[in-house]
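Trainee: My questions will all concern the structure given below.
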Amino acid sequence: AVVDCGALDALVISLEEFDPGVKEAAAWAIGYIARHNAPLSQAVVDAGVVPLLVLCIQEPEIALKRVAASALSDIAKHSPELAQTVVDTGAIAHLAQMILNPDAKLKRQVFSALSQIAKHSVDIAEMVVEAEIFPAALVCLKDPDEYVRKNVATLIREITKHTPE
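Residue numbering for the sequence shown follows the numbering used here, starting at 1171 and increasing by one per position.
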């Protein structure tokens, strides 16, 4: 219903706002729409939000980075095609740069997003590895935050499940 009434256009405009709080709220709403199923995720992609979310993860505000990374995760999780759309915007490199950020909640979202991207195919998983996430990701297996540790372990599983090597 939210998508049918044209709300995505307003959310896209909100992602382009100067105010980081407005961007954060828009990214949060977009993530909630995208997480339900592949068709809603595709509608979000078709509205042009993925490049804007990648810009949001480059902003200085930690809360905005968290929500944008979460929304990218919600988009990528449904299919290899949606994950590839996220990859094509350069999201992996920007997510990889945040692996050692001191904010645990941000690291949780970063590892979740990388996991949701990597899980679909060996080719996409290799792109995640090529972003030089190791050994930094392995260091995070000793992070004080249990959810960071869990999400790192999930990422490693999603990468390694594609190949016996």
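Glycine included, every Cβ here is placed at the ideal spot set by N, Cα and C.
Keeping to the same chain, check which residues put their C-beta closer than 6 Å to that of Glu1194; ignore five residues upstream and five downstream.
Mentor: Translated into positions along the sequence shown, residue 1194 becomes position 24. Cβ neighbours of Glu1194 beyond the five flanking positions: Ala1233, Leu1234, Val1237.
Trainee: If you draw a straight line from the C-alpha of Val1182 to the C-alpha of His1332, how long is it?
Mentor: One-based indexing of the sequence shown puts residue 1182 at position 12. One-based indexing of the sequence shown puts residue 1332 at position 162. Going from the Cα of Val1182 to the Cα of His1332 covers about 35 Å.
Trainee: Quick one: residues in its chain with C-beta nearer than 6 Å to the C-beta of Ser1282, no 5 flanking neighbours on either side, listed in chain order?
Mentor: Counting from one through the sequence shown, the residue named residue 1282 turns up at place 112. If we look at Ser1282 and ignore the five residues flanking it on each side, its Cβ neighbours are Ser1243, Asn1321.
Trainee: Could you check which residue in Val1257, Pro1272, Gln1267 has the C-alpha nearest to that of Asp1293?
Mentor: Here residue 1293 corresponds to residue number 123 of the sequence shown, with the count starting at 1. Of the listed residues, the one whose Cα sits closest to Asp1293 is Val1257.
Trainee: Can you tell me which of Val1318, Lys1312, Leu1252, Glu1328 puts its alpha carbon nearest to the alpha carbon of Val1299?
Mentor: As a working note, residue 1299 is residue 129 in the sequence shown. Closest by C-alpha distance to Val1299, out of Val1318, Lys1312, Leu1252, Glu1328, is Glu1328.
Trainee: Between Ser1249 and Ala1208, which are expected to be in contact by the criterion C-beta below 8 Å, what is the C-beta distance as a whole number of angstroms?
Mentor: If you number the sequence shown from 1, residue 1249 lands on position 79. If you number the sequence shown from 1, residue 1208 lands on position 38. Going by Cβ atoms, the distance from Ser1249 to Ala1208 rounds to 5 Å, so yes, they are a contact pair.
Trainee: Could you give the distance in angstroms between the alpha-carbon of Gly1218 and the alpha-carbon of Thr1259?
Mentor: In the sequence shown, residue 1218 corresponds to position 48, counting from 1. In the sequence shown, residue 1259 corresponds to position 89, counting from 1. Roughly 11 Å separates the two Cα atoms.
Trainee: Among Ala1253, Phe1188, Leu1225, which one has its Cα closest to the Cα of Val1215?
Mentor: The sequence position of residue 1215 within the sequence shown is 45, counting from 1. Looking at the Cα atoms, Ala1253 is the closest of the given residues.
Trainee: By DSSP, does Leu1223 sit in helix, in strand, or in coil?
Mentor: Translated into positions along the sequence shown, residue 1223 becomes position 53. Helix, per DSSP.
Trainee: In chain order, which beta strand (DSSP E) runs of at least 3 residues are fully inside the region 1226-1310?
Mentor: none
Trainee: Does DSSP classify Ala1196 as helix, strand or coil?
Mentor: Position 26 of the sequence shown, counted from the start, is the residue given in the question as residue 1196. Helix.
Trainee: If you draw a straight line from the alpha carbon of Ala1301 to that of Leu1178, how long is it in whole angstroms?
Mentor: Here residue 1301 refers to the residue found at position 131 of the sequence shown. Here residue 1178 refers to the residue found at position 8 of the sequence shown. Cα to Cα, Ala1301 sits roughly 31 Å from Leu1178.
Trainee: Hey, out of Leu1222, Ser1184, Gln1279, Phe1188, whose CA is closest to Ala1196's CA?
Mentor: For the purposes of this step, residue 1196 is taken as the residue at position 26 of the sequence shown. Here the closest residue by C-alpha is Ser1184.
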